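Enquirer: Dropping a structure here in structure tokens format, bear with me for questions.
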Amino acid sequence: MIILYIPQAYQMKDQNTLLEFIKQNSFGVLISKLDKITATHLPFLVKTIGEDIYLYSHMAKANPQWMGLEGEVLVVFSGPQRYISPSWYAEPKVPTWNYLAAHLYGEFQLVSDDAETSEILSNTVDYYESEFTEPWTLDKVDVKYVSQLTKHIVGFKIRVTHWEAAWKLHQDYSIEIQKGVINALLHQNDDHSKKIAELMKKNLAH
């Protein structure tokens, strides 16, 4: 088993926060091991059924990872991340990195029903198209073409058995240092810096 090292100060244990994080950072990495460790980058949909969390996705049938795959797998989701310079501190410190990441472990279940595979494909398209003013839908394509497309993919779902998440946002530093880092991040030009700064501000507010 791969275990995500997380110092206690950085452990995030709220399930609702996890679910929202996956929705916002849904392009994950499926990692499995049969005769060798294999990984595939895939879009995932997350859904709760009762108290269980399920991840849904699909991959090309030509991808050998799914063949014979059963048992436990790991899906890794990464969020915004940023190098933190010690020059942003008012006192001597060392460089570090702020980031968000989640590891979800679960039971891989291949979807053998074509209708369910088509539903996963359609739901995936609908989810990612929802951000557009005029969303594109699969029903705009000939049914026969979609049917042929489905024959070249495999759908699967993963029932999550346990998860770990790291929210490394300078929680173990003084408020003064955190505010200094936030200010420095807000003056950077990249999106990750802005996102990390907003997350740090939100964390300070609690």
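Per the working numbering, the sequence shown starts with residue 71, numbered consecutively.
Yeah, the Cβ is synthetic: ideal placement off N, Cα and C, and Gly gets one too.
The structure displayed is predicted, hence computed values, not measured ones.
(1) Give the straight-line distance between the Cα atoms of VAL195 and GLN179, rounded to the nearest whole angstrom.
(2) Out of TRP167, GLY138, GLU142, SER157, point me to the one whose CA is closest to PRO150's CA.
(3) Enumerated in chain order, which unbroken segments of the beta strand (DSSP E) with a length of 3 residues or greater are wholly contained in the stretch 111-166?
(4) Between which two residues does the alpha helix (DSSP H) carrying GLU268 extend?
(5) Between the C-alpha atoms of ALA160 and VAL145, what's the straight-line distance to the nearest angstrom?
(6) Is the stretch 184-204 touching the stretch 243-253 in the sense that three or more CB pairs, one from each, lie closer than 8 Å?
(7) Which same chain residues, not among the five before or five after LEU256, have their C-beta less than 8 Å away from its C-beta?
(8) Okay, do the stretch 106-124 and the stretch 200-218 touch, 3+ Cβ pairs below 8 Å being the bar?
(9) Within its chain, find whatever has a CB closer than 8 Å to the CB of LEU89; leave out the 5 residues flanking it on each side and keep chain order.
(10) Between the stretch 79-95 and the stretch 229-243, are three or more C-beta pairs nearer than 8 Å?
(11) Go to PHE91, then tell me how far its alpha helix (DSSP H) extends in each direction, as first and last residue.
(12) When you compare only the Cα positions, how much space is there between MET73 and LYS210?
Expert: Reading it off the structure:
(1) 21 Å
(2) TRP167
(3) 115-119, 122-130, 141-154
(4) 261-275
(5) 39 Å
(6) no
(7) SER263, LYS264, ALA267
(8) no
(9) VAL116, THR118, ILE123
(10) yes
(11) 85-94
(12) In the sequence on display, residue 73 carries Ile and not Met. Whole-angstrom Cα-Cα distance: 44 Å.
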